[in-house]
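Novice: Pasting a structure below so you can have a look.
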Amino acid sequence: MIRRIQRFLSESNKAAKINSRVNAYEWWRQSYRLHSYPSTLRLDPANICNLKCPFCPTGNATSKLRFRGIMQPEVFYKIVSHIPVKYLVDVHLYIWGEPLLNPHIVDYIDYFAEQGKRVFVSTNFSTKEYDNDFLEQLVKSGLFQLILSIDGASQRTYERYRRNGDFERVIKNAQRLSEIVKGSGSNTPRIVYRMLLNRFNEMEVDKAAHIANEIGAYFLADSSFGIPSEHVDEWAPQFGNRAHSEEFLNTGPGICRQLWDTLTVDANGDVFPCCIVCDSSSALGNLTEQHLDEIRNGQKMTTLRRFIAHSGNAQEPDFYNSCTKCMLRHKYRIYFSLKKSKKAIKDVFVEFNVQDKETEQPISESLIIHPQTGFQFKTDSRGKMSFKIFAGQYSMNVYAEGYLPGENKIANITGIEPTQKIFFTLMKSVP
Ligand code: SF4
Ligand code: SF4
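For reference, each letter of the sequence shown is one residue, going 802 to 1232 in our numbering.
Following this line, the structure appears as structure tokens:
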């Protein structure tokens, strides 16, 4: 509580608020050179992992990072000395690996939490059975949110993606952590049971929600599973859940914003445009050697901003980078934002027509990708896409424009008015 009050009152957070506004303005203006600083820091305490998730470059050993290991304290303190921490709002201490493999993680969380920053950690929570001492330290560190990657409600479905993971161990760890949080009288860290939906676990959503409830965790059935296109047919959830809860929403106006408001830093200090890239050839500088200003307004970053601001129509950067081929640099407005609603109508089956904006012809059998969440869906042979949604009461905003990767077309979504709000009761269970 005291920490919370300090957080709101602190000068640091006033500075962070003002900086965020300036940053939003500079993004809106699509400025290349920035006066503002990042408001989100993504820092990787460890880019190694104990699991072998098949589509993760760390898990499937396709990572092209030049350094593999944990972030050592001397590297951490060097990096943070080169960043104006007071302007940060959120700190995500995870990117490409398992953060709890780093024995210094509690100190790193504490460093930012002490300065009133909201710290998020995402973990598989399956490396070992954590002792009470460690879990208590985690609670005392001031961690704001601990996201547990639990893609199922049984060992069988969970290990389909979380290979080498131990479902029972994760649940036991989560239960003990939750008890310690309750016993401490604190309401943080918020524990999130995050279930990335796939074809093999979607029938267990109700069961997983029940387990989360028993643990005392928030439940997030998450459709933002980045499935490589060649595996979409095998892995994509059949029922296409979009049920993000309001507080975990991270949507935007449909053009990549990472180079404006986010700073992505690997365990050795290398700075990247975003966390999609897992290849050191795309690094833009290193924060153990350079101050942030040098990198943030350096030639590479400003060139990439210019390129993105023109939605890929500016001259291509003459250095290796990840943005040139990234679909997220395009303007993109298929926008699903599901929020809790007070009204209840009835079960919903949503269907859209997807058309070429120019010719108004249906776009059939095409892959469409959501820019922020990476959610993918395919249109059918009639150019329609449809889905049902899981339990809860939500409203939905739909912005009706999308980008078709590989085809360089803008898709129009019709059958529903842009930004129309629909209220409905979502299905109680997957049929
Ligand atoms: S747990 Fe996370 S970091 Fe580890 S292999 Fe799976 S997706 Fe990658
Ligand atoms: S355009 Fe793509 S690769 Fe470049 S920063 Fe944005 S999300 Fe990352």
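Glycine included, each C-beta is placed from N, C-alpha and C at the ideal position.
1. Would DSSP call residue 916 helix, strand or coil?
2. What are the start and end residues of the alpha helix (DSSP H) that includes residue 1233?
3. When DSSP labels each residue in this structure, what does residue 881 get in the three-state scheme?
4. Is any heavy atom of ligand 3 found at a distance shorter than 8 Å from the C-beta of residue 897?
5. In whole angstroms, what is the alpha-carbon distance linking residue 981 and residue 881?
6. Going along the chain, which residues of its own chain have a beta-carbon closer than 6 Å to the beta-carbon of residue 1075, five neighbours each way excluded?
7. When the Cα of residue 955 is compared with those of 964, 947, 969, 965, which residue comes out closest?
8. Who are the near neighbours of residue 854 in its chain, counting only those whose CB is closer than 8 Å to its CB and skipping five residues on each side?
9. For residue 929, which option in 1182, 857, 852 has the closest C-alpha, if you only look at C-alpha atoms?
10. In whole angstroms, what separates the C-alpha of residue 947 from that of residue 921?
11. Alpha carbon to alpha carbon, what distance is there between residue 1071 and residue 884?
12. Considering only DSSP beta bridges, list what residue 843 is partnered with.
13. According to DSSP, simplified to helix, strand and coil, what is residue 1033?
14. Closer than 6 Å by C-beta to residue 1080: which residues in its own chain qualify, once you throw out the five before and the five after it? Chain order, please.
15. Pairs of beta-carbons, one from the segment 890-897 and one from the segment 931-942, closer than 8 Å: are there three or more?
16. Taking the alpha helix (DSSP H) that residue 1100 belongs to, which residues open and close that run?
17. Report all residues from its chain with a CB closer than 6 Å to the CB of residue 1069; omit the five preceding and five following residues, and keep chain order.
18. Please report the Cβ distance between residue 994 and residue 1028, rounded to the nearest whole angstrom; I am assuming they are in contact, meaning their Cβ atoms lie under 8 Å.
19. Judging by CA-CA distance, which residue of 1097, 1127, 1101, 1110 is the nearest neighbour of residue 835?
20. Go through its chain and collect everything with a Cβ distance to residue 966's Cβ below 7 Å, but skip five positions before and after it.
21. Give a single yes or no on whether residue 951 has its beta carbon closer than 8 Å to a heavy atom of ligand 2.
22. When you compare the CB positions of residue 872 and residue 844, do they come within less than 9 Å of one another, or not?
23. Using 8 Å as the cut-off, classify the Cβ of residue 1124 as near or not near the heavy atoms of ligand 1, replying yes or no.
24. Terminal residues of the continuous alpha helix (DSSP H) containing residue 935?
25. May I ask whether a heavy atom of ligand 1 can be found less than 8 Å away from the beta carbon of residue 853?
26. Measuring alpha carbon to alpha carbon, tell me which residue in 1117, 1012, 916, 877 is nearest residue 944.
27. How long is the line joining the alpha carbons of residue 1082 and residue 1030, rounded to whole angstroms?
28. For residue 1106, which residues in the same chain have their Cβ closer than 6 Å to its Cβ, ignoring the five residues on either side in sequence?
29. Output the boundary residues of the beta strand (DSSP E) element that contains residue 992.
30. So for residue 922, helix, strand or coil by DSSP?
31. Roughly how many whole angstroms lie between the Cα atoms of residue 988 and residue 1018?
32. Pull up the DSSP beta-bridge partners for residue 1087, would you.
33. Consult DSSP for residue 1019 and reduce its assignment to one of helix, strand or coil.
34. Mind checking whether the beta-carbon of residue 859 lies closer than 8 Å to any heavy atom of ligand 1?
35. Does the beta-carbon of residue 963, which I'm using as the reference point, lie nearer than 8 Å to any heavy atom of ligand 1?
36. Let me make sure I understand the geometry here. Which of 819, 906, 1057, 838 has the alpha-carbon closest to that of residue 846?
Specialist: Taking the definition as stated:
1. coil
2. In the structure as shown, the chain starts at 802 and stops at 1232, and residue 1233 therefore has no counterpart that could be examined.
3. helix
4. With respect to ligand 3, the structure shown offers nothing to examine, as its ligands consist of ligand 1 and ligand 2.
5. 30 Å
6. 1059, 1065
7. 969
8. 860, 861, 962, 963, 964
9. 852
10. 6 Å
11. 13 Å
12. 893, 1065
13. helix
14. 865
15. no
16. 1100-1110
17. 868
18. In fact, because the Cβ distance is near 21 Å, the residues do not count as touching under 8 Å.
19. 1097
20. 852, 925, 927, 959, 960
21. no
22. yes
23. no
24. 933-941
25. yes
26. 916
27. 24 Å
28. 833, 1060
29. 991-997
30. strand
31. 11 Å
32. 1071
33. strand
34. yes
35. yes
36. 906
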